[in-house]
Amino acid sequence: MKPEVFFLRYAFPCAFIIFQRKEITKRELTELENAAVNNVVLPKEKLEKIFHRAFNRIKPIAVEMNKDRWNIEVIKEYFLNRHTELAEQGFEMTKKVPRTLKELCKIHKAVITDKKRSLFVVKFNKSTRTVLNSLVPNAKIGDLVNIHYGYAVEIVT
Amino acid sequence: MCMAVPGKIIRINKDMAIVDYGKEKREAKLVEKKFNVGDYVIVQNKIVIEKVPEQEVREWLSLFEK
Chain Z
1 MKPEVFFLRY
11 AFPCAFIIFQ
21 RKEITKRELT
31 ELENAAVNNV
41 VLPKEKLEKI
51 FHRAFNRIKP
61 IAVEMNKDRW
71 NIEVIKEYFL
81 NRHTELAEQG
91 FEMTKKVPRT
101 LKELCKIHKA
111 VITDKKRSLF
121 VVKFNKSTRT
131 VLNSLVPNAK
141 IGDLVNIHYG
151 YAVEIVT
Chain A
158 MCMAVPGKII
168 RINKDMAIVD
178 YGKEKREAKL
188 VEKKFNVGDY
198 VIVQNKIVIE
208 KVPEQEVREW
218 LSLFEK
């Protein structure tokens, strides 16, 4: 998978927050969703501009790993290993971040317990959540998926 | 419009909820049975995805104030 595609799959669910901050339009949000669902390679410059907060966090990881910020290992390290701790710290927000928002922003490994049309109910820790299946339409009940906000992002083992 | 802030469920009709955001009300689909009238919830793509404790609602709203 190309790093731009991997990045967008994991970053897209947070675009709702960027939209709420009025930094992107409804049309741009829909374009991002379509690109994520269809594995479209968007220009790196565009992704860096929209998700500039993520890249501010990715850049030091790239330096630490002595790799380019678009190296797939760097992007994976950010989303799969560092992102949860950064979310727990409230990212760089100066105001108090509500607990539920922190949990939605974290990437959780969850098991699919039910499937209804385009939706999965997933279980993780002691919680359940309803998520959209558009990024992993072939996932089945019992599969383990990474979830981010209201989306199942990737099937994992 | 998508909402990244909590709204309150004011009515449930089968698997659809009416969610009140103060200035507007929106319809959203319910899949899980854990949601009740009076709950504050987060909706994504017209799906109710998560419950928000009432004491957190003010924090959510203040986070997105300019």
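Those protein sequence lines, which keep their order, are chains Z and A. So that you can map any letter, position 61 of the first sequence is 61 in the working numbering, and since no number is skipped, the others follow by simple counting. Each number in the working numbering comes from the position in the second sequence (counting from 1) with 157 added on. Using N, Cα and C, we set each Cβ at its ideal position, and we do this for glycine too.
{"Asked": "Within a Cβ cutoff of 7 Å, which residues of the same chain sit near L42(Z), ignoring the five residues on either side of it in sequence?", "Found": "E4, L8, A35"}
{"Asked": "In chain order, what residues of the same chain have a beta carbon less than 6 Å from the beta carbon of V111(Z), not counting five sequence neighbours either side?", "Found": "K123, L144"}
{"Asked": "From D177(A) to I169(A), what does the alpha carbon distance come to, in whole angstroms?", "Found": "12 Å"}
{"Asked": "Helix, strand or coil for V5(Z)? Go by DSSP, reduced to three states.", "Found": "helix"}
{"Asked": "Below 8 Å on the Cβ atoms is my contact criterion, and I expect I61(Z) with R82(Z) to pass it. Report the Cβ-Cβ distance as a whole number of Å.", "Found": "6 Å"}
{"Asked": "Going by CA-CA distance only, name the one from Y149(Z), V153(Z), Q20(Z) that's closest to P137(Z).", "Found": "V153(Z)"}
{"Asked": "L132(Z) and E207(A): beta carbons closer than 8 Å?", "Found": "no"}
{"Asked": "What did DSSP end up calling V122(Z) once you bin it into helix, strand or coil?", "Found": "strand"}
{"Asked": "For the beta strand (DSSP E) that contains N133(Z), what are its first and last residues?", "Found": "Segment: none, N133(Z) is in no beta strand (DSSP E) and carries neither H nor E."}
{"Asked": "Use the C-beta contact count for R215(A): other C-beta atoms within 10 angstroms, 16 or more gives buried, fewer gives exposed.", "Found": "exposed"}
{"Asked": "So which residues of chain Z does N202(A) contact, with C-beta pairs closer than 7 Å?", "Found": "L132, G150"}
{"Asked": "Can you find at least 3 beta carbon pairs, one from the stretch 38 to 52 of chain Z and one from the stretch 91 to 105 of chain Z, that sit closer than 8 Å?", "Found": "no"}
{"Asked": "Identify the contact partners of E211(A) in chain Z, using a Cβ-Cβ distance below 9 Å as the criterion.", "Found": "Residues of chain Z passing the Cβ test: none, with the nearest at roughly 11 Å."}
{"Asked": "Could you check the C-alpha separation between L220(A) and P163(A) for me, to the nearest Å?", "Found": "12 Å"}
{"Asked": "Using three-state DSSP, classify V176(A) as helix, strand or coil.", "Found": "strand"}
{"Asked": "For W217(A), I'd like the list of residues in its chain whose CB is within less than 8 Å of its CB, leaving aside the five on either flank, ordered along the chain.", "Found": "V162, P163, V209"}
{"Asked": "List, in chain order, every chain A residue whose beta-carbon is nearer than 7 Å to that of K96(Z).", "Found": "E216"}
{"Asked": "Please report the straight-line C-alpha distance between F6(Z) and K190(A), rounded to a whole angstrom.", "Found": "33 Å"}
{"Asked": "At least one CB of chain A closer than 8 Å to the CB of Q89(Z): is that the case?", "Found": "no"}
{"Asked": "Using a Cβ cut-off of 8 Å (strictly closer), state whether F12(Z) contacts chain A.", "Found": "no"}
{"Asked": "Around the C-beta of D196(A), are 16 or more other C-beta atoms found within 10 angstroms, so that it is buried, or is it exposed?", "Found": "buried"}
{"Asked": "Sort D114(Z), T84(Z), K116(Z), R117(Z) by Cα distance to L101(Z) and report the nearest one.", "Found": "T84(Z)"}
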